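Numbering (the numbering used here), first residue to last: 10 to 275. Glycine is no exception: its CB is placed at the ideal position from the N, C-alpha and C atoms. Computed from a prediction, not measured in an experiment: that's the story for all the values here. Written out below as structure tokens is the structure these notes cover.
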Ligand SMILES: [Zn+2]
């Protein structure tokens, strides 16, 4: 409703908007200017709830619903600026015979809590094991989950800037087509503001999640979020889920939130 109200106000103000127009029209013409005011966020003004994923992207004026042509999911959102850049990147990739599909975008704290707790409580197999039985020690269990999944409140997917492309299965990126996809992205994604944060361990990155070929971050916004997270978020802010007692011992801020390739935010 908020979006609709805003669209109506915009119509009255500009006399340009068509009846019923909403920000979803950006999906058909990514070159149109933003219909909403482009809020300039600085590392000091980003509220904690946006860093921790404790908001509803459907109610935020600078988020867009991702059109079905671009994703295999329904009802997922990303920051409009990042979304437009993804569309431009996808169009460019298509010309080279590569199809880019978003398989995950903004995930809230509560969404991440479900993912985390399913693994923590053994409702889902992790590497062929039910971790509540296989790894009774809470810190060790958390470290096993942290190979690929974030604790609620610590995911870059909270920010609206990060997406998973095509598949979250490492095996996909070993297929002939998957190899072409990752090669195309590594060459061209930076032209559209996207960077791969979870590269293989080495010079650019020494800790954090296992390498992820599928995860890409829109750095013109996410680098500000990363800096804001570093400045504002304390371990005591990360709570409200099963296993949150190991937030300190696993050092998830230093190891995971900040364990990204340095080249993304240089
Ligand atoms: Zn991801």
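- In this structure, DSSP gives residue 104 a helical state, which the three-state scheme calls helix.
- When C-alpha distances from residue 154 are compared across 53, 126, 172, 174, the shortest belongs to 126.
- Each of 132, 209, 193 was checked against the Cα of residue 203, and the nearest Cα belongs to 193.
- By the neighbour-count criterion, in which a residue is buried when 16 or more other Cβ atoms sit within 10 angstroms of its Cβ, residue 275 is exposed.
- Residue 113 has its Cβ nearer than 7 Å to a heavy atom of ligand 1.
- Ranked by Cα distance from residue 90, the first of 69, 103, 77, 102 is 69.
- Of 99, 241, 67, 173, the smallest CA-CA separation from residue 84 is found for 67.
- Comparing alpha carbon positions, the residue from 206, 168, 212 closest to residue 218 is 206.
- Per the coordinates, the alpha-carbon of residue 227 lies some 15 Å from the alpha-carbon of residue 221.
- Spatial neighbours of residue 213 in its own chain (CB-CB distance under 8 Å, excluding positions within 5 residues in sequence) are listed in chain order as 270, 271, 272.
- For secondary structure counted as the alpha helix (DSSP H) over 4 or more consecutive residues, the segment 101-153 holds these complete runs in sequence order: 118-129, 140-143.
- Ligand 1 has no heavy atom closer than 7 Å to the beta-carbon of residue 243.
- Selection 116, 128, 171, 162 evaluated against residue 151 yields 128 as nearest (Cα-Cα).
- In the three-state reduction of the DSSP assignment, residue 223 falls in the coil class, being assigned neither a helical nor a strand state.
- Residue pairing from DSSP places residue 173 in a beta bridge opposite 113, 224.
- Note: residue 80 is bridge-paired with 111 in the DSSP secondary-structure output.
- Here residue 259 has 148, 151, 152, 155 as same chain residues with Cβ atoms under 7 Å from its own Cβ, once five neighbours each way along the sequence are excluded.
- In this structure residue 188 is exposed. Its beta-carbon is surrounded by fewer than 16 other beta-carbon atoms within 10 angstroms.
- If you draw a straight line from the Cα of residue 253 to the Cα of residue 159, it is about 12 Å long.
- If you draw a straight line from the Cα of residue 113 to the Cα of residue 75, it comes to about 10 Å.
- Each of 173, 224 has a C-beta closer than 5 Å to some heavy atom of ligand 1; these make up the full list, in chain order.
- In summary, residue 140 is buried, with 16 or more beta-carbon neighbours lying within 10 Å of its beta-carbon over all protein chains present.
- Between the C-alpha atoms of residue 249 and residue 216 there is a straight-line separation of about 25 Å.
- Annotation for residue 171: 165, 226 place their beta carbon closer than 6 Å to its own, counting only its chain and skipping 5 residues before and after.
- Listed as beta-bridge partners of residue 250 by DSSP are no residues whatsoever.
- For residue 74, the uninterrupted beta strand (DSSP E) segment begins and ends at 72-74.
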